[in-house]
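As structure tokens, the structure follows; a few thoughts come after it.
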Amino acid sequence: ELTKLGRRMAEFPLEPMLSKAVIASEQYECTAQVLSSVAMLSLGGSVFYRPKEKAVHADNARLNFARGGGGDHISLMRCYDEWASTDYNQQWCFENFVQVRSMKKARDIREQLEGLCDRVEIDATVSKHDDDDFDACLKAITSGFFYNVARLGRSGEYQTVKQPKTVYIHPSSVLSKEDDPPAWVVFFELAFTTKEFMRQVAPIKPGWLVEIAPHYYQESEVEDTKAKKMPKSRRK
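My numbering numbers the first residue of the sequence shown as 6 and each following residue consecutively.
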């Protein structure tokens, strides 16, 4: 028998972890932001493009969305919300090296999710007014993706917290350029090529895990590694 949470999650035609993030956004009062992020995550990796002759411009445009922090999830949210603020302008997409077709698809998904929020009595317009306060959004995302968490080890490599294995931030992530990588991250999925890469990565605080998923994490597992000596440089 489905719990109330399960019944609400079942209304959304999304992967369960994304559905859970949408529903958790009600508790953290950031549904508008999380809907933008979730709609973009639903697309897979096909949001940005990088023409060879304009690679530097494309990289800079993408990193602009990352200014202010929050990793890939918040960058995707900023990208969508900026586009929406231009009244869905096509020229804006060209200037920012963003795929028009992907953005239109994200808008369709987001509008559908807004309608489904009404059905489960979640106010889709609730928003954090402070754009720099993205902890609430990342807590909502982590509520869905608490299985997908990794911590930075002393070797400078990330290890998944449960069923430990070595994983790496995908080169396409805005966090892959960080000189000071976050000690704890949540990721959307793992992709295996030459190594096991985390795709769509965001920084989190370890204390959130016990707050969000006390059935899954114990205090002893999520001691803040910042208190310990962190590596000065990480292995490539």
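Cβ coordinates follow ideal geometry from the N, Cα and C atoms, glycine included.
Since residue i is in the alpha helix (DSSP H), which residue starts that stretch and which ends it?
i	result
Gln-205	Counting along the chain, Gln-205 falls outside any alpha helix (DSSP H), though it belongs to the beta strand (DSSP E) covering 201-208.
Thr-198	Segment: none, Thr-198 is in no alpha helix (DSSP H) and carries neither H nor E.
Gln-2	For the chain, the structure presents residues 6 to 241; residue 2 sits outside this window and is missing.
Lys-144	140-150
Ala-216	Before going on, a small fix: residue 216 reads as Glu here, not Ala. Residues 212-217.
Classify residue i as helix, strand or coil using the three-state DSSP reduction.
i	result
Ile-127	coil
Arg-72	coil
Phe-193	strand
Lys-234	At Lys-234 the pLDDT is 46, less than 50, meaning the model places this residue with poor confidence and gives no usable figure here.
Just how far apart, CA to CA, sit residue i and residue j?
i	j	result
Arg-159	Pro-186	12 Å
Ile-127	Glu-58	45 Å
Ala-247	Val-166	A query on residue 247 cannot be resolved here, the shown segment of the chain reaching from 6 to 241 and no further.
Phe-197	Thr-171	12 Å
Gly-68	Leu-19	Looking at the sequence shown, residue 68 is not Gly but Leu. Roughly 28 Å separates the two Cα atoms.
Ser-181	Tyr-152	21 Å
Lys-241	Gly-120	Here the model assigns Lys-241 a pLDDT of 45, short of 50, so the residue's position is not dependable, and the following value carries that caveat. One C-alpha to the other measures close to 45 Å.
Glu-183	Phe-202	16 Å
Glu-2	Val-215	No information on residue 2 is available, as it lies outside the stretch 6 to 241 that the chain covers here.
Whose C-beta lies closer than 7 Å to the C-beta of residue i among residues of the same chain, with five residues either side of it excluded?
i	result
Ala-44	Tyr-85, Ala-111, Ile-114, Arg-115 and Leu-118
Ala-37	Ala-129, Thr-130, Val-131 and Ser-132
Identify, in the order they occur along the chain, each residue of the same chain with its Cβ nearer than 8 Å to the Cβ of residue i, setting aside the five sequence neighbours on each side.
i	result
Glu-98	For the sequence presented, residue 98 should be read as Cys rather than Glu. So the qualifying residues of the chain are Trp-88, Gln-104, Val-105 and Met-108.
Cys-122	Val-27, Thr-36, Leu-40, Asp-128 and Ala-129
Excluding the five sequence neighbours on either side, which residues of its own chain have a C-beta within less than 6 Å of the C-beta of residue i, listed in chain order?
i	result
Phe-70	Ser-80, Arg-83 and Cys-84
Asn-101	Ala-66
Thr-91	Trp-97
Asp-125	The sequence shown places Val at residue 125, rather than the Asp named in the question. Excluding sequence neighbours, Val-125 sits near Arg-13 and Glu-16.
Ala-29	Ala-145 and Ser-148
Tyr-54	Phe-102 and Gln-104
State the start and end residues of the unbroken beta strand (DSSP E) segment that holds residue i.
i	result
Leu-157	154-157
Val-172	171-174
Gln-164	163-165
Complete runs of the alpha helix (DSSP H) confined to the segment 14-52 [at least 4 residues]
21-32 and 36-46
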